[in-house]
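Residue numbers (our numbering): 8 to 75.
Structure, as structure tokens:
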């Protein structure tokens with residue numbers, strides 16, 4: 008599960024009284040929660056003509072969390 012700065016995460020953090028920033032720092036290789044802009048940047052790359060030769064690939068936008 009990647010951590011993104013969204014209203015959902017804010018509500019989860021408030022309801023559970025957990026520190027998602029600390030969890031992200033400990034479990035995400037880049038050390039911080041992603042933002043919706045990080046997802047948008049990946050989408051913009053994929054819809055750009057420069058990615059036209061990419062087919063059948065899976066892109067994980069999680070700040071390297073799956074590596075940890």
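Every residue gets a Cβ at the ideal spot worked out from N, C-alpha and C, and that includes glycine.
A direct Cα-Cα distance of roughly 13 Å separates residue 36 from residue 29. Residue state for residue 48 is assigned as helix, using DSSP reduced to three classes. Shown here for residue 34: same chain residues with a beta carbon closer than 7 Å to its own, the five before and five after excluded, namely 72, 75 in chain order. When secondary structure is reduced to three states using DSSP, residue 58 falls in the helix class.
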